[in-house]
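Below is one structure, written out as structure tokens, with a few remarks after it.
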Amino acid sequence: MIDTISILNEIKQAPYKEITISAPHSGRIEFAVDQIGTRVKGASGTWFERPGTLLARLVREGNPKPVYAPENGEVVKFHDVNDREFVQAGTPLMTIRHFLTKQEVMDIILKKALHLFNAPEKGRYYFVAEIDAKIKSQGLRSVSVKEGDEVLILSRMKRETTIPYHGPQGIIYTSYFNSNESVEMGAPLFGVCPEDQVKDIKAVIDKIQSGWEEQE
Amino acid sequence: MDKVRIVRHPQRVCLKDILENVYDNYTEIGGQGEYSIDPSMIIARAYITRNVGKKTYKQPVMVIGQEKGHGEEFRNGGSVKPWGNAKALEYMKVAETENIPIHSYIFTPGSYPVEDYPGAAQQIARNIYAMAGIKVPVVAVISEGGSGGAEAIGLADTRIMLSHGYYSVISPEGAAAIEGRSSASRKASGKLVENCARQLKITARDNLEMGYVDRIVQEPPLGARPDHFEFYRKLRQEVILATDEIILSIRGVKLFRAIALRKLNNPKIYVRWSLSTKSKERLVWRRYQKYRGLSRWAFEDSSTGFQRFKNFALETGWSIYSFLRYEFFGRHQRAITHLAEDVQGEVHALMDRVTHRFSSLFKKLPGVKKDREDVCQLTTLSTWEAGMSWNEHCRYVSPQANQDKTLTCPNSRKSNCLDLWAPDLFGDFAGVCSHCGHHFPMEYEWYLFNIFDSRSIREFNAPIEASNPLEFDGLTHKLDKAKKQTGHKSACMTFEAKIKGIQVVVAMLLARFRGGSVGAAEGEKFIRAAEQARRKHMPFLAYVHGTAGIRIQEGTNGLLQMPRCTLSVRRYLESGGLYLVVYDTNSYAGPLASFLGCSPYQFAIRSANIGFAGPGVIRETTGLDIPPNYHKSFQALSRGHIQGIWDRREIRNNLHHALMTMGGEFLYYR
């Protein structure tokens, strides 16, 4: 049994993740950010079309390739690389500390606490009629599944196939798909947790929703 | 700028007020308040009652115009969406069928720049193209005439302007944003906006002086308001007068009425507003001539007197030759050829049966060898197609290929493209990424050397020079710089050339000359090229290396090129020409919404961007965020704006193929 409370406490001890920025290929590095503590921003825009803060330029064969910040955060460390020095591919350049958002914390906990059932192939998915009717009347967490149960229907190119469930017995805690959108192969469809843990998980999630303070 | 504020005042007179007070009765078509396909465009069938002598006449008109409303949100400030313009076009055609005049009222700051089907630019182009040949009189009344939105219903035989209105290529704020290179976060200063408004010469008086409107209707000192009934009376008089004038100028029996119209202030005469077939032709021809004569003073022509005489003599010679060759002899020749073809076909059908019968009998004779041609075709080598061998004169080395560096493909993150070495990319790969097929921009010279047959390019009208007709601050300097940089005198290069032996007339918009923007000089060159293609019976290719739109610093002089060029293109197409448009790099705004967008055959080079307004302008005017691939050629293809996408490396073959397959029997290049 997973102790979600202790996972949350562990995250609270260090409510961030550290991202190491490495050289994507060899070249001469020219830093655009050179101060520890500099705030950086990740890609933004509806389609993430606006790149993040420019961290450095990696010049190879006269081609200055930009290295952008992948997430919002703060530069906490510069590795042992001098400006305008030649670096090999994979050389760590700097470390960015990204403070976790509410959603990210919830995702980490749910990922650890739930058993994720992934899409076996690309297509549109929907629940079988009995489960769908139950979800509509009593909610998602009323559905209990066990190994071999027919839970989903995969619809692709006018072909409909029933998908059996594989995994531990439990109830469906959350679903990640919309029946009118195509799901890529391997993407999570729903998460299952043992019946006795539902209360704990819910309590932790509520705690995060109400109490987590997001840091910039 | 005060005039702009008056025009935008919520209490300013709007189209509904005009329909109520200028016309005697009306029925609004396809709309009731906000329940309309586009509430910012109003269509109405109305009539005007005239008492002449003891008789009363009811004269029907089709009223089309943008409706700003008095502050209603759903009217969108008179900014019409593509489907609103489509509705206007539909009812213009209805008016044509019913043979009644059109009165259009322009109350728009500009068109709504969304690319939803068929796209803002494409719809405006369709409207202008249709209006260029519409066979009923059109009277336009301009209150707020902003850019393409105004032109969509503004190509009229007579243009009347309200004294406090403005008619401009762009709003003063837009011009200031471009001039001051400001962005959404950094607005242009009030002083700059004021300065731009003054320099663009957008007022009624300015436009009358330049010849772009025919007359002005005086408004009360602070602009017309809904309760200014004297203004409506004046406006009614003017629209009736304008319609009468157009009709009488093309009608046979008119002597006394024409004099009365000219001499008297409010003559009590009656003119029937429907037209005969002959009058309709005269009307369209008169419209063409009217627009052809506009803005001729707005560019410089540095050719000498001798050159002009030579050009004139050549043009006349070609016109006479063209008439004799294609009209006079051609018509008879065609009739004879068609007859000969029919006779030949009949003879062939008869002889085929006879010879077949005989040959089968003959082959059965002993000692006669069977035909082995099919075997020969399979066993012998094929030969090179004529003209396929590499010609040394065609070599062109792009300056981009002379750099020892690598470049990253913009799609590298998605397609894992490897870096490309500039000499390879621009020298051997024609600027095309060898991994994903992304096309990097190439100079126009590359196309000159790689599309057309070597040494076949003959430029004409090169001395026509872009100038600064409004004496806009800094434009002369910028133009001089562009001229020096490119070696061309305008952004349009016109020439005759051959593609695999097929002679074509080409008008090329050069992206390097002020972004390929179109002003009076470029418009004139484009028109002359279309005329040359018509005169010489050649296909006409508009190769758009890039265009940023109409040159805003030329104000209305630039804007007028939209209807002018479309009229000439329509004339060319109607006389049987083949008009092809090829877009490269970035093509936006006015030219697309008129003379380029009206072509039935538009193609794009892969990785080109095509649209009405850029992403920044769309965000600022509509508040919508658009996806990064919104203007890509593949999107334009799926919207139905263009008809195909070509690979740059195949463009010569594709063009040749297009010329061979799309050239109808009216083209004489074969």
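Same order as they appear, the protein sequences are chains A and B.
Read in order, the letters of the first sequence correspond to residues 1 to 216 in the working numbering.
Read in order, the letters of the second sequence correspond to residues 217 to 886 in the working numbering.
All C-beta atoms, glycine included, are put in the ideal place defined by N, C-alpha and C.
Every value quoted in this text rests on a predicted model; they were computed, and no experiment measured them.
Can you grab the Cα-Cα spacing for the pair Phe828(B) / Gly806(B), in whole Å? The alpha-carbon atoms of Phe828(B) and Gly806(B) are separated by roughly 7 Å.
I want to verify the contact list: residues of chain A whose CB lies under 9 Å from the CB of Pro843(B), in sequence order. Thr46, Trp47, Glu49
Terminal residues of the beta strand (DSSP E) in which Ser218(A) lies: The structure shown does not extend to residue 218(A), since chain A is modelled only from 1 through 216, so no value can be given for it.
In chain order, what residues of the same chain lie with their CB nearer than 7 Å to the CB of Ser22(A), ignoring the 5 residues before and after it? If we look at Ser22(A) and ignore the five residues flanking it on each side, its Cβ neighbours are Gly90, Thr91, Pro92, Leu93.
Alpha carbon to alpha carbon, how far is Tyr273(B) from Ser387(B)? 41 Å
To the nearest whole angstrom, what separates the beta carbons of Gly739(B) and Gln777(B), a pair I think is in contact under 8 Å? About 3 Å separates the two Cβ atoms, so the contact holds.
What span of residues does the alpha helix (DSSP H) with Asn869(B) cover, start to end? 867-878
By the 10 Å Cβ neighbour count, where 16 or more other Cβ atoms means buried, how is Glu608(B) classified, buried or exposed? With a pLDDT of 46 at Glu608(B), under the threshold of 50, the modelled position of that residue is not reliable, and no figure is offered here.
Any C-beta of chain A within less than 8 Å: which residues of the stretch 634-657 of chain B qualify? Asp635, Trp637
Does Lys579(B) have its Cβ less than 7 Å from a Cβ in chain A? no
How is Met709(B) classed by DSSP in three states: helix, strand or coil? Met709(B): strand per DSSP, three-state reduction.
Give the residues of chain B in contact with Arg60(A), contact being defined as C-beta atoms less than 8 Å apart. Thr622, Asp635
Taking C-beta to C-beta, are Gly231(B) and Tyr307(B) nearer than 7 Å? The identity of residue 231(B) in the sequence shown is Leu, whereas the question assumes Gly. Not in contact: Leu231(B) and Tyr307(B) (Cβ atoms no closer than 7 Å).
So the candidates are Asn63(A), Ala43(A), Leu54(A); which of them puts its Cα closest to the Cα of Leu634(B)? Asn63(A)
Between Ala874(B) and Glu747(B), what straight-line distance do the alpha-carbon atoms span, to the nearest angstrom? 21 Å
So, is Gln13(A) buried or exposed, given that buried needs 16 or more other C-beta atoms within 10 angstroms? exposed
Of all Cβ atoms in chain A, is any one closer than 7 Å to the Cβ of Ala602(B)? Residue confidence for Ala602(B) is low, a pLDDT of 46 falling below 50, so the modelled location carries little weight; the figure read from the coordinates is stated next. Not an interface residue.
Amino acids of chain B, ordered along the chain, whose beta-carbon sits closer than 8 Å to that of Lys65(A): Thr624
Here's a check: name, in chain order, each residue in its chain whose Cβ is nearer than 6 Å to the Cβ of Arg503(B), leaving out the five neighbours to either side. Apart from sequence neighbours up to five positions away, the residues of its chain that approach Arg503(B) with a beta-carbon distance below 6 Å are Asp373, ordered along the chain.
Starting from Pro164(A) and walking both ways along the beta strand (DSSP E), at which residues does that stretch end? 159-164
Drop a sphere of 10 angstroms on the beta-carbon of Ala723(B), count the other beta-carbons inside from all chains shown, and report buried for 16 or more, exposed for fewer. Residue environment: Ala723(B) is assigned as buried (16 or more neighbouring CB atoms within 10 Å of its CB, all protein chains considered).
When DSSP labels each residue in this structure, what does Gly73(A) get in the three-state scheme? strand
Note the first and the last residue of the continuous beta strand (DSSP E) segment covering Cys193(A). 188-193
Three or more C-beta pairs under 8 Å: does that hold for the stretch 125-139 of chain A against the stretch 105-113 of chain A? no
Spatial neighbours of Leu499(B) within its chain, please: C-beta separation below 6 Å, excluding the five flanking residues on both sides. Correct list, in chain order: Ile466.
Inter-stretch contact (C-beta, 8 Å, three-pair minimum) for the stretch 712-719 of chain B and the stretch 659-676 of chain B: Contact holds: three or more Cβ-Cβ distances are below 8 Å.
Is DSSP giving Leu566(B) helix, strand or coil here? helix
Please report the straight-line C-alpha distance between Lys202(A) and Val76(A), rounded to a whole angstrom. Roughly 34 Å between the two C-alpha positions.
The stretch 54-61 of chain A touching the stretch 19-36 of chain A, judged by at least three CB pairs closer than 8 Å: yes
Relative to the C-alpha of Ile164(A), which residue among Val151(A), Gly170(A), Gln197(A), Thr20(A) is closest? A small fix is needed here, since residue 164(A) is Pro in this sequence, not Ile. Looking at the Cα atoms, Val151(A) is the closest of the given residues.
Taking only three categories from DSSP, how would you classify Thr838(B)? helix
Would you kindly check if the distance between the Cβ of Ala133(A) and the Cβ of Ala187(A) is under 7 Å? No.
Looking at C-alpha atoms only, which residue of Thr622(B), Arg611(B), Gly653(B), Glu681(B) is the closest neighbour of Tyr663(B)? The residue with the shortest Cα to Cα distance from Tyr663(B) is Arg611(B).
To the nearest angstrom, how far is the alpha carbon of Ala113(A) from that of Lys146(A)? 17 Å
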